[in-house]
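> In this text, residue positions in the sequence shown follow this note's numbering: the first is 82, and each later residue adds one.
The structure's right below; bear with me while I get my questions together.
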Amino acid sequence: MKQVHKIKRRVSRKIFVGNVAIGGDAPITVQSMTNTDTCDVDSTVSQILSLEKAGADLVRVSIPTMDAAEAFKKIKTRVNIPLITDIHFDYKIALKVAGYGADSLRINPENIGNEYHTRQVCAAHIDNGIPICIGTNAVVRYKD
82 MKQVHKIKRR
92 VSRKIFVGNV
102 AIGGDAPITV
112 QSMTNTDTCD
122 VDSTVSQILS
132 LEKAGADLVR
142 VSIPTMDAAE
152 AFKKIKTRVN
162 IPLITDIHFD
172 YKIALKVAGY
182 GADSLRINPE
192 NIGNEYHTRQ
202 VCAAHIDNGI
212 PICIGTNAVV
222 RYKD
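Written out as structure tokens, the structure is:
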């Protein structure tokens, strides 16, 4: 098969999410996300295991409530694949999952509340060696 496009990778620093290398010279990884109610531990674990079997390297789990954070703690003990916690709106949830074994955190700082809360979340994750992925919900259009 003839290669049509040559992909040039952007130079980046390698980090680890759990035991999975991302960036640098690491191979491209596959990430997926659960669509179960995180508080339903059995269903969420089942879906994570199915995603891992299908070839996912990382799985993102939504943690919208403190109850979901408590469920995440149980989920984390039942799976081996690295889990990325997706936090919206409540910085206290992000602080909680930092102690529950999150392998990475995905936040939108605009949704966390304010700069002080964002700094607290960042400090807690840095102290626990947990990488943070910054997401946004805005669309940016550039004019030429």
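We treat Cβ as the ideally placed atom computed from N, Cα and C, and that holds for glycine.
When you compare each of Pro145, Ile193 and Val122 to Lys157 by their alpha carbons, which one comes out closest?
In the sequence shown, counting from the first residue as 1, residue 157 sits at position 76. Of Pro145, Ile193 and Val122, the residue nearest in Cα terms is Val122.
> What number of angstroms, rounded off, separates the C-alpha of Pro190 from the C-alpha of Ile207?
Translated into positions along the sequence shown, residue 190 becomes position 109. Translated into positions along the sequence shown, residue 207 becomes position 126. Going by the C-alpha atoms only, they are around 16 Å apart.
> With a threshold of 8 Å, are at least 3 pairs of Cβ atoms found where one atom belongs to the segment 150-166 and the other to the segment 124-142?
They touch, by the three-pair rule.
> Can you check whether the C-beta of His206 is within less than 8 Å of a C-beta belonging to chain D?
Note that chain D does not occur in the displayed structure, where there is just one protein chain.
> Which ranges does the alpha helix (DSSP H) cover as unbroken runs of at least 4 residues, wholly within the segment 163-223, from first to last along the chain?
Those alpha helix (DSSP H) runs which fall completely within the segment 163-223 and span 4+ residues are 172-179, 190-193 and 196-208.
> How many angstroms separate the CA atom of Phe170 from the CA atom of Asn195?
Numbered from 1 along the sequence shown, position 89 holds the residue referred to as residue 170. Numbered from 1 along the sequence shown, position 114 holds the residue referred to as residue 195. If you take the alpha carbons of Phe170 and Asn195, they lie about 10 Å apart.
> Could you please give the first and the last residue of the uninterrupted beta strand (DSSP E) stretch that includes Ser93?
Residue 93 sits at position 12 when you count from the first residue of the sequence shown. Run containing Ser93: none; DSSP gives neither H nor E here.
> Starting from the N-terminal side, write out each stretch of the alpha helix (DSSP H) that is 4 residues or longer and does not extend beyond the segment 82-159.
The segment 82-159 contains these whole alpha helix (DSSP H) runs: 122-134 and 147-159.
> Is the separation between the beta-carbon of Thr115 and that of Val101 shorter than 8 Å?
Here residue 115 is taken as the residue at index 34 of the sequence shown, counted from 1. Here residue 101 is taken as the residue at index 20 of the sequence shown, counted from 1. Against a cut-off of 8 Å, the Cβ pair of Val101 and Thr115 comes out as no contact.
> Inspect the beta-carbon positions of Glu165 and Ile144 and report whether they are closer than 8 Å.
Taking the first residue of the sequence shown as 1, we reach residue 165 at position 84. Taking the first residue of the sequence shown as 1, we reach residue 144 at position 63. Note on identity: in this sequence residue 165 is Ile, with Glu being the wrong assignment. Not in contact: Ile165 and Ile144 (Cβ atoms no closer than 8 Å).
> How should Val85 be labelled, buried or exposed, when 16 other C-beta atoms within 10 angstroms of its C-beta is the threshold for buried?
For the purposes of this step, residue 85 is taken as the residue at position 4 of the sequence shown. Flag for Val85 reads exposed.
> Shortest alpha-carbon distance to Tyr187 belongs to which of Pro212, Ala205 and Ala107?
Position 106 of the sequence shown holds residue 187. Rather than Tyr, the amino acid found at residue 187 in this sequence is Arg. Per the Cα distances, Pro212.
> Closest to Ile215 by C-alpha separation, out of Gln201, Ser185, Leu130 and Val126, would be which residue?
As a first step, residue 215 must be located in the sequence shown, where it is residue number 134. Out of Gln201, Ser185, Leu130 and Val126, Ser185 has the C-alpha closest to the C-alpha of Ile215.
> Cutting at 7 Å between CB atoms, please list the residues of its own chain near Ile96, excluding the five before and the five after it.
Residue 96 sits at position 15 when you count from the first residue of the sequence shown. Counting only Cβ-Cβ distances below 7 Å, and skipping sequence neighbours, we find Ile103, Gly104 and Pro212.
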